[in-house]
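Residue numbers (the numbering used here), protein chains in the order written: chain A, 1 to 317; chain B, 1001 to 1317.
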């Protein structure tokens, strides 16, 4: 099936077409660069609708359960939902629902939900990686909201925030998560905070701790004070409040012009990352090439110096 | 003083001119890119004479003492010697003789020896870094042999081997260095092995262990079997044998054509690294540029996709 037919199918809500397109863009090896480019170009006119929500937090706070509960709440509002679960530690990829992601199976028969797991081999690959392209597929497929969840900790959490319009930061009582979040630099990137497992001891003190830390921290955007929502994701309690907070944040982004600023900045960074990636590839292609050998010989014989040779190499690319 | 005068001064053996040229090329910030390029171009016709000897080994094997002893032995043969001591952990730079490098002060009044310490902020910076440029200065200044020594362990050791014509691997008895060397991948890159502190217990068994490991390991060049030399660098014992082994290796490299092959490969990698470095810089320059903003806007509005925009960006560089 050609790319245009796949895109047409995805826009009509065909889950198989969506899955096939994501497979085409997430090909890690990028051997099939032509397909990737073709898909990206075909998607372009149909993107920009979806609101991308990043879900971050330390392991054990209930990210997976919260994501599933959010899907339920969003579906109750008849919103089309995409879920991209990125597991930097998993060697598996391609739509498999793994381990504690089992709760997601509630949604697998719902034609208004696309769920995709994606391995990322130790890192998300940044903006030149597969995740941004997969988001474009889900966007073009008509998702109103796309939830991006990472398994694991650290840098990938911050990377996910870089892909999102709204970033949810989840914490849980009694885990010292507030402190952990501050360490990971997550406080600065959170647009909405969620204290999950709010039926446990210490939920209120976690909330207070968070509130203090947020008020002390410097924020890039003074006009938005991140709300703190209390949830028990496993029972669905408070999850509608999270959906409402995300909606408020989206409205704030739109009226303040910040949505456009964020997306422009993100598109710029993505173009830069892809350009650098492409240049590195071209440089790799030149290895063993006669041109490079000639330049190296010029340097060796003293006819040229490495900087001049590098300039000549760049001009020849 | 202009660059041409500095190069002329360096070629006449003026230590100050050599020092000034190295300072110009090791400017980490690369703000003074023009000076760096000018120096590199002015040096080009005068390079290719020096034999570069990398000195690697775990901390405690006596690298600094061995380097100093090698300088003495090479000076006894009336060879001009350069020493580049790279300390990836040191915040200091620029010719200071630090800590256990004190022995080097024996040579500081000798006009036939240039000694330079160089900090590298955690890594050597590879072939686009300052070390390769500093080597070119010492080469053009008429050094017959340049000794490159790293302080510390790990990747930088392998990086140094990438700069050298001949790589010395130092071990000492009773440190399990043979095993350590194998782990670090240093066995494969050693052209001459030195068992230093050979007056200590276990020197012969270290030698046997090394011999076995070398014979088992795969070598890129079958025609050269690395000799193992026993030394007591602190007394100078055996150091002349090291000089002889290096000289034999150089002759082997020349007659086999391997010297030219190695240097061509190194020049190629250096050109590639500098080209990539330059492209990254240009990409950085474009940040905030109107061109990139226009491209990002095209992607946002769906008129273009990130890959096409990246191609356009590359073409505009």
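Glycine included, each C-beta is placed from N, C-alpha and C at the ideal position.
For residue 230 of chain A, the pairing in a beta bridge is given by DSSP as A:195.
Inter-segment contact for the region 274–286 of chain A and the region 226–241 of chain A is absent: fewer than three beta-carbon pairs are separated by less than 8 Å. Residue 14 of chain A and residue 107 of chain A have their alpha carbons spaced roughly 16 Å apart. Contact holds between the region 44–55 of chain A and the region 132–143 of chain A, because three or more Cβ pairs, one in each stretch, are under 8 Å apart. Chain order gives no chain A residues near residue 1253 of chain B, where near means a beta carbon separation below 8 Å; the closest approach is about 14 Å.
Here the alpha carbon of residue 1236 of chain B sits roughly 59 Å from the alpha carbon of residue 130 of chain A. Counting only the Cα atoms, residue 1133 of chain B lies some 19 Å from residue 292 of chain A. In the structure shown, residue 225 of chain A falls within a coil segment according to DSSP collapsed to helix, strand and coil. Boundaries for residue 189 of chain A: no beta strand (DSSP E) harbours it, and the DSSP string shows neither H nor E there. For the region 1296–1310 of chain B, the beta-carbon criterion of a distance under 9 Å to any beta-carbon of chain A is satisfied by 1296, 1297, 1298, 1299, 1300, 1301, 1302, 1303, 1304, 1305, 1306, 1307, 1308, 1309 and 1310. A Cβ-Cβ separation of about 12 Å leaves residue 1194 of chain B out of contact with residue 1054 of chain B under the 8 Å criterion. Scanning its chain for C-beta atoms nearer than 6 Å, with the 5 sequence neighbours on each side dropped, one finds around residue 1317 of chain B the residues 1282, in chain order.
Taking 9 Å as the cut-off between beta carbons, none of the residues of the region 229–259 of chain A comes near chain B. In the three-state reduction of the DSSP assignment, residue 291 of chain A falls in the helix class, which pools H, G and I. With contacts defined as CB atoms closer than 7 Å, residue 1083 of chain B and residue 1115 of chain B qualify as a contacting pair. Neighbourhood of residue 1040 of chain B in chain A, by CB distance below 8 Å: 305, 306, 307 and 308, in chain order.
For a cut-off of 8 Å, the C-beta gap from residue 245 of chain A to residue 65 of chain A is around 18 Å, too long to register as a contact. In the DSSP assignment, residue 51 of chain A falls within the beta strand (DSSP E) that extends over 51–57. The alpha-carbon of residue 1299 of chain B is positioned some 39 Å away from that of residue 1035 of chain B.
Among the CB atoms of chain A, one or more fall inside 7 Å of the CB of residue 1275 of chain B. If you look at residue 1168 of chain B, you'll find it isn't in any alpha helix (DSSP H); it sits in the beta strand (DSSP E) that goes 1166–1171.
Put simply, of B:1209, B:1243 and B:1020 the residue whose alpha carbon is nearest the alpha carbon of residue 1171 of chain B is B:1209. For residue 1065 of chain B, the uninterrupted alpha helix (DSSP H) segment begins and ends at 1063–1076. For residue 147 of chain A, the pairing in a beta bridge is given by DSSP as A:53 and A:83. Contact annotation: residue 1268 of chain B and residue 1223 of chain B have beta-carbon atoms that are not nearer than 7 Å. Pairing residue 43 of chain A with residue 1250 of chain B, the inter-Cα distance amounts to about 59 Å. Residue 1197 of chain B has its alpha-carbon roughly 11 Å from the corresponding atom of residue 1063 of chain B. Leaving aside the five residues that flank residue 1166 of chain B on each side, the residues in its chain whose CB is nearer than 6 Å to its CB run, in chain order, 1053, 1191, 1246 and 1249. DSSP, reduced to helix, strand and coil, places residue 117 of chain A within a strand of the structure shown.
The Cβ-Cβ distance between residue 1275 of chain B and residue 271 of chain A does not fall below 7 Å. Inter-residue distance for residue 1294 of chain B and residue 16 of chain A is about 35 Å (C-alpha atoms, whole angstroms). Using a Cβ-Cβ cut-off of 7 Å, residue 146 of chain A does not count as an interface residue toward chain B, since no Cβ of chain B sits closer than that to its own. The alpha helix (DSSP H) runs of length 4 or more contained entirely in the region 232–259 of chain A are, from start to end of the chain, 239–256. Within 7 Å of the CB of residue 283 of chain A, the CB atoms of chain B belong to 1272, 1275 and 1276, in sequence order along the chain. Of the candidates A:309, A:188, A:24 and A:135, the residue whose Cα lies closest to the Cα of residue 1264 of chain B is A:309. Counting only residues of its own chain and dropping the five nearest sequence neighbours on each side, residue 187 of chain A has a CB closer than 7 Å to the CB of 181, 213, 214 and 217.
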